[in-house]
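> Residue numbers (the working numbering): 14 to 745.
C-beta: ideal position from N, C-alpha, C; glycine also.
After the structure tokens below, expect a handful of questions from me.
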Amino acid sequence: MKAKLYLVLVSLLSIMGCKEKVHETSYEYLFQDPKVHIDDRVDDLIVQLSLEEKLSLMTHEAQAIPRLNIPYYNWWSECLHGVARSVPATVFPQAIGLAATFDRDLIRDVADAISDEARGIYNEAVSKGIHKQYMGLTFWSPNVNIFRDPRWGRGHETYGEDPYLSGELGAAFVNGLQGTDPDHLKVAACAKHFAVHNGPEALRHSFNAIVNDKDLNESYLPAFKKLIDADVAGVMCAYNRTNDEVCCGSPELLMNILREEWGFDGYVVSDCGALYDFHKFHKSTKSPEESAALAIKNDVNVNCGNIYNHLSSALEKGLVSERELDHALRKQLKIRFKLGMFDEDGLYSDINQSVIRCEKHTQLSRKTAQKSIVLLKNKNHVLPLQKDLSQVYVTGNNAADINVLLGNYYGVNPNMNTVLEGIAGKVSKSTIVQYNQGILQVQKLEDMNTGLPGNAAAADATIAVIGQTALLEGEAGDAIAPLGGDREKIELPENQLKFVRLLRKACGDKPLIVVICSGSAIAMPELEELADAIVWAWYPGEQGGNAIADILFGDVSPSGKLPISMYKSTEDLGDFEDYNIAESKKTYRYFEGEVSYPFGYGLNYSTLQYEAIGDSQLQYSSDKEMSVKVKISNTGSFDLEEVVQLYTQPKNTSFISPKFSLRNFKRISLAAGESKEISFDITDETLSQVDDSGITQLFKGETTIYVGGALPIKKSLELGMPKPVEFSVCVK
């Protein structure tokens, strides 16, 4: 109310030509005074702006307003796993690798480092009068779409297939980026792509994702809701339609759910070019003016693209009002004020270039990569290798390729460390290290140098680094995959498989270690038999080579866990365009087949034992506090870290319910021979289920709680994971 009264008063004074100021200030305009309440500052700036100036601020390329000393600003910046497409900065593991750490605190630290570097870049640029794309403070990260099908090319931008894990890590990332001050933002994070968006890439500008209320509220929306609860500054709406409504003009998604139900008061930005799709491909509107009006009426505050350039015509035609324009403008201007863009000396203006690529951040990137690496197989404990081996052979299409460190939406710097370089820097000075690429990233056997497996015959150990790159899985327009960035099949390319067969033959009984760089699941049942050890390294960032070598040679015990399921074949996946998760049996929560490696799985170099503490038969009531406790013992000879995971399995529900659901996790460290007791609080949220109508509620009946180191299925035990602890909880 205060802001509204102030706006009326200032408007009257402006009309009357009165120069008297409502607030005592030494600034020319009230909006320039940082001591004034932010809502009042926003209102004052809107009053100062002409209609033409308002319109000039509505796209991602917000124009300069010299008379008010407002410079040009480009909203489009990226920081998925480091400041991207900008000046050289620290490159952390790709988002799917961040997810494999299952470490909230670490992800928060990574995001904090990224935002420090972002501020250092921005502050330096502004001091030199540079205002360019990718050098701003509004970052369009993270991506919390659910990775429902491994064929989706952009899945490696996400935190995997589980909504709880995605929400927890996404919220940690947001908190690290934005800082802890309630009134100021270090940088502004943005949750994308809202909502129900994960392929097909080739059809994304016209695709209509049909989803029922259960899947919407159980799978597709929870991670976004978690980020809204974490006060994320922005939300990016998706290209596609959801249930017949264009996502960037959807009353249901943007107004009913996001604004009204969840109370989101930040800014909404369209995915780039999405408003053009309204009339060109979706046929939801008939003209650019109608498209612009539809987005404004559904509170899209920034248009990445140029459709808002038609707002002037839309105003003239009465499709939208200046009041609606002001309403949309107000939310995005508030973000710029919270970032300190209109202050001479803001809260974070003292962060300088010294933080960019500093040693602390380099080591953090290495530590993060170490924790992301997943050990899938370790036959006869062939790993870790000895550093003083007589001879090592390193080969494979990804062994010396910088591209596999990066994923997509990446930055660059001079610290890139390939797997070959990491191994060469790890072994003793008397160890012979031989290398040959041996194979190309193609499907034809004749493109492979078949004579080189002879090097494997002479080596004490052979390390083959294979897999994919972001050229073969990625966003439409970036990747060269034939399906617009998606994969048609998830099987390991045949030429790579043939190469490993030759290596196996040449190695004889000496170790063959396969390191796989990929952002999504690869079906590889034959490879699982050929290799003595399989190390899954994702796209591990600038220090990836060093981190992989740290694991291979035992300086660090592997501790990463799979945030996705590793399926056995493409045939197991069903229809790629079917967005039903529960009915179509997608992701680990509903899949009924056998996987090669389950969600949450990952070996280490030691042995673990889980034991229940206290009663395993429990009665739950919402008005009483409850927890489950376990003792975890490192019974081996290696120090390690373990991700302790809690899953629920409801019994005898009257509706379709998940086979298992991840409900909590904790990462702990255990020295050799050490034991620790940990507990998990059990709440309504832990035990609630989403029924067939999409309603989340606590149902009476029995739920089994499992606490262990992987998804609690038979396959995990067969692969060497410790037996989980079980608790039976009855809800009264």
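Out of curiosity, what's the CA-to-CA distance linking Cys250 and Asn316?
Distance between the alpha carbons of Cys250 and Asn316 is about 10 Å.
> Would you mind sorting Ala201 into buried or exposed? The rule is 16 or more other CB atoms within 10 Å of its CB.
Counting Cβ neighbours within 10 Å, Ala201 comes out buried, since at least 16 surround it.
> Grab the span of the alpha helix (DSSP H) containing Asp694 for me, first residue to last.
Taken as a continuous stretch (DSSP letters only), Asp694 belongs to no alpha helix (DSSP H), being part of the beta strand (DSSP E) at 688 to 695.
> Taking the alpha-carbon of Ala472 as reference, which of Phe693, Gly521, Gly359 has the nearest alpha-carbon?
Looking at the Cα atoms, Gly521 is the closest of the given residues.
> Please say whether Asp697 and Ser650 have beta carbons closer to each other than 8 Å?
For Ser650 and Asp697, no; Cβs fall outside 8 Å.
> Alpha carbon to alpha carbon, how far is Asn158 from Leu621?
Roughly 33 Å between the two C-alpha positions.
> Excluding the 5 residues flanking Lys32 on each side, which residues of the same chain have their C-beta closer than 6 Å to its C-beta?
Bear in mind that a pLDDT of 38 at Lys32, under 50, signals an unreliable position, so the model cannot answer this.
> Mapping the DSSP letters down to three states, classify Pro735 as helix, strand or coil.
Here Pro735 sits in coil by DSSP.
> How is Glu137 classed by DSSP in three states: helix, strand or coil?
Glu137 falls in the helix class under three-state DSSP.
> Quick check on the DSSP output: what are the complete alpha helix (DSSP H) runs of length 4 or more inside the stretch 163 to 249, in order along the chain?
Qualifying alpha helix (DSSP H) stretches, in chain order: 176 to 191, 235 to 242.
> By DSSP, does His321 sit in helix, in strand, or in coil?
At residue 321 the sequence reads Tyr, which differs from the His that was named. If DSSP states are grouped into helix, strand and coil, Tyr321 belongs with the helices.
> In angstroms, rounded to a whole number, what distance separates the CA positions of His340 and Lys380?
Rounded to the nearest angstrom, the two C-alpha atoms are 45 Å apart.
> Got a sec? Which residues, its chain only, sit under 6 Å from Gly189 by beta carbon, not counting five neighbours each side?
Excluding sequence neighbours, Gly189 sits near Arg121, Ala124, Asp125.
> Please classify Ser385 as buried or exposed, where buried requires at least 16 neighbouring CB atoms within 10 angstroms.
So Ser385 counts as buried.
> Could you tell me whether the stretch 640 to 649 touches the stretch 702 to 715, where touching means 3 or more Cβ pairs closer than 8 Å?
They do not touch, by the three-pair rule.
> Out of Ser154, Ser682, Asn253, point me to the one whose CA is closest to His295's CA.
Among Ser154, Ser682, Asn253, the Cα nearest to that of His295 is on Asn253.
> Below 8 Å, can you find three or more Cβ-Cβ pairs linking the stretch 108 to 117 to the stretch 171 to 179?
Touching, yes, given that three or more Cβ pairs across the two stretches are closer than 8 Å.
> Under 7 Å Cβ to Cβ from Ile626, same chain only, skipping five residues before and after it: list those, please.
Within the same chain, Ile626 has close Cβ partners Lys642, Val643, Lys644, Glu690.
> Would you list the one or two residues that DSSP bridges to Val60?
Paired residues: none, contrary to the question.
> According to the neighbour-count rule (16 or more other Cβ atoms, all chains shown, within 10 Å of its Cβ), is Lys745 buried or exposed?
When all chains shown are included, Lys745 counts as exposed.
> Considering only C-alpha positions, which residue in the set Cys743, Leu565, Gly613 is nearest to Lys574?
Selected option, being the one with the closest Cα: Gly613.
> Among residues of its own chain, excluding the 5 on either side of Arg272, which ones have a beta-carbon nearer than 7 Å to its beta-carbon?
Cβ within range, chain order: Asp312.
> Once you ignore the five residues that flank Leu332 on each side, which residues in its own chain have a CB closer than 7 Å to its CB?
Glu302, Glu303, Ala306.
> Taking DSSP as the reference, what is the three-state secondary structure of Leu458?
With a pLDDT of 45 at Leu458, under the threshold of 50, the predicted position of this residue should be treated as unreliable, and no value is reported.
> On the CB-based measure, 16 or more other CB atoms within 10 Å of its CB, does His394 come out buried or exposed?
It is exposed - the Cβ of His394 has fewer than 16 other Cβ atoms within 10 Å.
> Going residue by residue through the stretch 256 to 300, where are the continuous beta strand (DSSP E) segments of at least 3 residues, counting only ones entirely within it?
The qualifying runs are 280 to 283.
> Thinking C-alpha only, which one of Pro466, Gly142, Met71 is nearest Tyr280?
The shortest C-alpha separation from Tyr280 is found at Met71.
> Since Thr699 contacts Thr661 with CB under 8 Å, what's their CB separation in whole angstroms?
Correct: roughly 7 Å between the Cβ atoms.
> Please list the terminal residues of the continuous alpha helix (DSSP H) segment that includes Ala471.
Here the alpha helix (DSSP H) through Ala471 covers 466 to 471.
> Give the DSSP-derived three-state secondary structure of Thr648 in the structure shown.
DSSP places Thr648 in coil when its eight states are reduced to three.
> Is Thr255 closer than 8 Å to Ala222 when the C-beta atoms are compared?
It is a contact, given that the beta carbons lie within the stated cut-off.
> Using the beta-carbon count (16 or more within 10 Å), is Phe668 buried or exposed?
Looking at its Cβ environment, which holds fewer than 16 other Cβ atoms inside 10 Å, Phe668 is exposed.
> Beta carbon of Ala489, beta carbon of Arg117: below 8 Å?
Cβ distance not < 8 Å, so Ala489 and Arg117 don't count as in contact.
> When the Cα atoms are used, what is the spatial distance from Gly587 to Arg161?
Roughly 11 Å between the two C-alpha positions.
> When burial is assigned at 16 or more other CB atoms within 10 Å of the CB, is Glu486 buried or exposed?
Glu486 comes out buried.
> Quick one: Cα of Cys371 to Cα of Val60, how far?
Going from the Cα of Cys371 to the Cα of Val60 covers about 44 Å.
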